Structures are given as structure tokens and as C-alpha cells.
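For the protein sequence lines, the chains are A and R, in the order given.
With our numbering, letter number 29 in the first sequence gets 35, and the count goes up by one each step, no holes.
With our numbering, letter number 34 in the second sequence gets 40, and the count goes up by one each step, no holes.
2 protein chains.
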Amino acid sequence: MRTAQLIQASGLSKDTIRYYEQRGLIPEPQRSSNNYKLYPKSTLELLDFIATAKQLGFTLNEIKNTLHLFYDEDLYCDSAIDLLKNKLMEVSQTIKQLETQKKQLLGEIQYFKHKKSNK
Amino acid sequence: MRTAQLIQASGLSKDTIRYYEQRGLIPEPQRSSNNYKLYPKSTLELLDFIATAKQLGFTLNEIKNTLHLFYDEDLYCDSAIDLLKNKLMEVSQTIKQLETQKKQLLGEIQYFKHKKSNK
DNA sequence: CTAAACTCTGGGGTATACTCCACGGTCAAG
DNA sequence: CTTGACCGTGGAGTATACCCCAGAGTTTAG
């Protein structure tokens with residue numbers, strides 16, 4: 007699979023793919039004689055794995071430390087569950103903070119409504 | 007008020023204050039003959055205003071575009087309310103996305119639990 | 001053979017909100 | 001007069017996830 011195909015199949019830009027390569031998220035592809043990159047199918051699957059993980063809220067760094075799950079999912083159910091649970095707690099925590107922010111915003115709105123009615 | 011006092015009273019670092027100055031969030035202070043900065047009291051109040059706005063989720067850029075509220079709060083109740091409502095919607099939107107993320111995470115956890123029990 | 005399309009690389013730019021460093025001037029105490 | 005605290009400046013660095021550009025080799029169609 008050449009670069010153009012991978013771009014097309016993954017929906018990612020060449021720069022994103024290159025960036026993932028540089029960050030070590032996907033392995034360096036082989037080269038053909040003209041130095042063009044040749045990706046194995048697994049890279050496409052890996053990119054899907056990465057996309058899913060991103061959607062779940064994982065950063066690229068976190069995903070990088072999780073690649074063993076992609077390569078041997080069956081072996082690491084427990085650690086997968088741990089990672090997911092941790093992220094779940096993070097997300098819940100963030101939601102809580104935002105709920106607090108919401109309350110404060112509502113309070114401020116009330117304050118200005120009150121002030122306005124006193125003009 | 008000199009720099010040290012403002013740092014002390016605001017709880018911000020010298021670098022943060024300087025940064026706010028550069029960004030135009032607080033006005034350039036006067037200088038004494040030795041070139042030391044001399045802040046008026048209002049700057050401290052302004053820093054408190056900024057801190058509050060930050061807590062409500064506003065970025066420094068947004069805050070900068072909102073400074074007229076600080077300088078003439080009474081005149082702009084309506085626009086204050088608009089700004090707050092917009093931010094409220096933003097926050098609510100973010101919360102929704104995170105709730106979705108949470109559901110997906112729970113789904114993934116179930117998936118791995120299931121997979122594990124089948125080993 | 002030439003022009004267009006494809007590919008590679010290195011390196012700079014973006015947004016956010018600061019922090020940290022180093023160099024140098026100023027001031028007060030002893 | 002010197003030492004240490006205080007103050008100011010410019011500029012680099014941090015984290016995240018990319019985007020964009022330019023220069024140059026390669027390949028393919030006509």
C-alpha cells in the first residue's frame with residue numbers, strides 16, 4: 007500500500023500520517039526501490055485503532071503507550087480495562103468541573119439580570 | 007503599588023502579570039523615575055476580574071474583548087448576559103460530548119470484560 | 001521529451017497560557 | 001563600598017496535534 011492509498015483509506019492527511027510515524031505510533035514502512043513508502047495492511051488497522059482511541063479521549067502519548075494492546079489485544083484485557091477505567095474517571099472528573107462552571111455561569115447570569123432590573 | 011505588592015496581592019507570578027500586560031489585558035503601568043512600574047489599585051481589581059472570568063471558562067482572548075465590562079459594568083448588562091449565556095452553551099456542549107465519550111468508554115470496558123470471560 | 005502528478009525531506013508556523021533564564025540596572029543596609 | 005534584594009528586558013522553552021511550504025527526485029501520459 008502506497009502513501010496515497012493509505013491517505014485515501016484512512017481519511018488522514020499525509021502530514022498526520024507522517025506525524026504519527028515520527029511520534030512512533032505507526033512503524034516505519036518499507037521502501038520500494040524508488041524510496042516510496044510501502045505500508046502493510048496492518049498500518050491501516052492501526053490507524054483505525056488510533057482513531058478510536060482518540061475518540062475515547064486518549065492523547066497520542068497515551069495511545070503510544072498502549073500499542074501493545076493493538077498488537078496483542080487478547081493478552082491484555084485486564085490492562086485494557088484498567089486504562090479505560092482510568093480514562094473514564096478522568097472524563098467524569100472533567101464533567102464535574104464543567105458542571106461547577108455551569109453553576110457559576112448561571113449565578114453570574116442571575117447577578118447581571120438582577121443588576122439590570124435595578125437600573 | 008509596585009510590582010512586588012501586586013504579585014503579593016493578586017497571587018499571580020511576575021511573569022503572568024507581565025504576560026497579561028503584553029497581551030493587553032491590563033494597562034501599561036506608569037513608571038517611577040527609576041523605571042520601576044507603578045500600578046494603580048484598579049489593576050488589582052482588574053486581575054481579580056480576569057481570574058473570575060478565567061474560572062468561568064473564558065480564554066484570555068475572550069476576556070480581552072470583554073474588558074469594557076470591567077470598566078463600565080453597569081452599562082453592559084445585556085452584553086454581559088449574552089457572553090455568559092454563550093459560554094454556558096459552550097460548556098453544556100462540551101459536557102454532552104464528554105457524556106458521549108463516557109458511554110463509549112463504558113461500551114469498550116464491557117467489550118473487554120466479555121472478551122476476557124471467553125478466554 | 002515534456003509537463004503533470006506523485007512522492008520524499010526538512011523545517012517553520014499555529015494556538016494557549018504561561019514558565020524560566022540570563023543579563024543588567026537600582027536601591028538599601030552595614 | 002559592597003553585597004544582596006528588588007526590578008526590568010528580551011528571548012527561549014513547554015505541551016498538543018497537527019498544517020503548510022519549498023525544494024527536489026520519480027513516474028506516467030501524451
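Heads up, the beta-carbon is just placed ideally off N, CA and C, and yes, glycines get one too.
Here the structure is a predicted model, which is why all the values come from computation and not from measurement.
Short CB-CB distance (under 8 Å) between residue i and chain A
i: Gly17 of chain R; result: no
i: Gln11 of chain R; result: no
i: Lys108 of chain R; result: yes
i: Lys20 of chain R; result: no
i: Lys47 of chain R; result: no
Where residue i sits in the DSSP three-state scheme
i: Leu104 of chain R; result: helix
i: Leu62 of chain R; result: coil
i: Leu44 of chain A; result: strand
i: Arg8 of chain R; result: coil
Residue-chain proximity (residue i, chain R), Cβ-Cβ < 8 Å
i: Gln36 of chain A; result: no
i: Ile32 of chain A; result: no
Within chain R, partners of residue i - CB distance below 7 Å
i: Leu104 of chain A; result: Val97, Thr100 and Ile101
i: Glu114 of chain A; result: Leu62 and Leu90
Straight-line Cα distance separating residue j from residue i
i: Thr100 of chain A; j: Tyr25 of chain A; result: 28 Å
i: Lys102 of chain A; j: Arg37 of chain A; result: 49 Å
i: Ala15 of chain R; j: Leu66 of chain A; result: 40 Å
i: Ala57 of chain A; j: Asn41 of chain A; result: 27 Å
i: Lys122 of chain R; j: Ser48 of chain A; result: 23 Å
i: Gly63 of chain A; j: Tyr77 of chain A; result: 20 Å
i: Leu53 of chain A; j: Asp54 of chain R; result: 46 Å
i: Ala86 of chain A; j: Leu81 of chain R; result: 55 Å
i: Ile69 of chain A; j: Met7 of chain R; result: 49 Å
i: Thr22 of chain R; j: Gly30 of chain R; result: 12 Å
Contact list for residue i against chain R, beta-carbon separation under 9 Å
i: Ile23 of chain A; result: Those within 9 Å of Ile23 of chain A in chain R number zero; the least Cβ separation is about 24 Å.
Cross-chain neighbours of residue i in chain A, by beta carbon under 8 Å
i: Leu94 of chain R; result: Lys108, Leu111, Leu112 and Ile115
i: Lys122 of chain R; result: Cys83, Asp84 and Ile87
Within chain A, partners of residue i - CB distance below 9 Å
i: Lys119 of chain R; result: Cys83 and Ile87
**Report entry** Interfacial residues, the segment 49-80 of chain R to chain A, with Cβ spacing under 9 Å
**Finding:** Only Thr58, Gln61, Leu62, Gly63, Glu79 and Asp80 from the segment 49-80 of chain R bring a Cβ to less than 9 Å from some Cβ of chain A.
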